[in-house]
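Taking the UniProt record's numbering, the leading residue of the sequence shown gets 1, the next gets one more, and so forth.
From the three backbone atoms N, C-alpha and C, an ideal C-beta is built for every residue, glycine too.
This structure is a prediction, so every number in the text was calculated from the model and none was measured.
Data first, discussion second: the structure below is written as structure tokens.
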Amino acid sequence: MRDKVKVRFSLWLYLSLRRTVMHLKKTSIKNKKLMDSSTKNIERKGHEEKLTKK
């Protein structure tokens, strides 16, 4: 009986941790894409300002 409980608990723990890690990976990838796009926008704005100053 105790062995079944241990196995179920360890399986539940493994799956929940795995799900959490996958979620964190997805959010970090999304955040990285957002950061990349925002830096591109800043670079474009700076480039446009240089063109308009001339």
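When secondary structure is reduced to three states using DSSP, M1 falls in the coil class, being assigned neither helix nor strand.
C-alpha of S10 to C-alpha of K26: approximately 24 angstroms in a straight line. Counting only residues of its own chain and dropping the five nearest sequence neighbours on each side, K30 has no CB closer than 6 angstroms to any other CB.
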